[in-house]
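Q: Using our numbering, the letters of the sequence shown correspond one by one to residues 8 to 178.
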Amino acid sequence: MADGKLIYLSLGSNLGDRAQNLGRAIEALSENGVRVLRRSSIYETEPVDFLAQPWFLNCVVEAETSLAPRQLLEGLQAIERELGSKKLVPRGPRIIDLDVLFYERAVIHEAGMEIPHPRLAERRFVLVPLAELAPEHRHPVLRKTAAELLAAAPGGSAVRIWQPLQGAAGS
């Protein structure tokens, strides 16, 4: 992708085989105009906002795309639908959740789309894998690096490296 734009995406799953759901979503990105360059470790994370649900597996990918931001968002939503994700409860359980964190240094406020992701600075489940992958990546509005955002993030929600059980499915 000669004209590819550098993007960062957050992936999360807390239903079914969570690790497999992340893997299937990452594979589907390449079929939807996104070339994954690097992926963070997978983290097991405590739910926030809506607490009565299973823990999540989360990761962040660094990728490139020639899609426009709206096309990218629509492609991510299509992947969510293809993998069977239904957002029945706001911020509730889901098979897969894909969010655009950054699209180059763009700042976009449109109906149904806000880039950079509006709550990323408050979410350790996003900041920990982002800081692992790109600690020096600078937020275009807050002017802080991912590492600085993580250091300033509110505590409280557990985020730990995920270790799959030997011989067990990725749930």
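All residues carry an ideal CB built from backbone N, CA and C; glycine is no exception.
Classify L58: buried if its beta carbon has 16 or more other beta carbons within 10 angstroms, exposed otherwise.
A: Within the sequence shown, numbered from 1, the residue matching residue 58 stands at position 51. Looking at its Cβ environment, which holds fewer than 16 other Cβ atoms inside 10 Å, L58 is exposed.
Q: Which runs of the beta strand (DSSP E) spanning at least 3 residues fall entirely within the region 133-171, listed in chain order?
A: 166-168
Q: Across which residues does DSSP place H116 in a beta bridge pair?
A: For the purposes of this step, residue 116 is taken as residue 109 along the sequence shown, with counting starting at 1. H116 is bridged to E121.
Q: So Y17 is in the alpha helix (DSSP H); what residue range does that whole segment cover?
A: Taking the first residue of the sequence shown as 1, we reach residue 17 at position 10. Note that residue 17 is Ser in the sequence shown, not Tyr. First-last for S17: K12 to S20, but that is the beta strand (DSSP E), not the alpha helix (DSSP H).
Q: Using only the alpha-carbon positions, how far apart do G19 and L157 sit?
A: Here residue 19 refers to the residue found at position 12 when the sequence shown is read from its first residue. Here residue 157 refers to the residue found at position 150 when the sequence shown is read from its first residue. Approximately 18 Å, taken between the alpha carbons.
Q: Tell me the rounded alpha-carbon separation between G119 and Q170.
A: Against the sequence shown, residue 119 aligns to sequence position 112. Against the sequence shown, residue 170 aligns to sequence position 163. Rounded to the nearest angstrom, the two C-alpha atoms are 35 Å apart.
Q: Give me the residue from I14, P147 and H144 with the minimum Cα distance to A75.
A: Here residue 75 refers to the residue found at position 68 of the sequence shown. Measuring from the Cα of A75, the nearest candidate turns out to be I14.
Q: Going by beta-carbon coordinates alone, are S73 and D24 separated by less than 8 Å?
A: One-based indexing of the sequence shown puts residue 73 at position 66. One-based indexing of the sequence shown puts residue 24 at position 17. Cβ distance not < 8 Å, so S73 and D24 don't count as in contact.
Q: Since L36 is in the alpha helix (DSSP H), which residue starts that stretch and which ends it?
A: As a working note, residue 36 is residue 29 in the sequence shown. Element bounds for L36: R25 to S37.
Q: Taking the alpha helix (DSSP H) that L83 falls in, what are its first and last residues?
A: If you number the sequence shown from 1, residue 83 lands on position 76. Element bounds for L83: P76 to E89.
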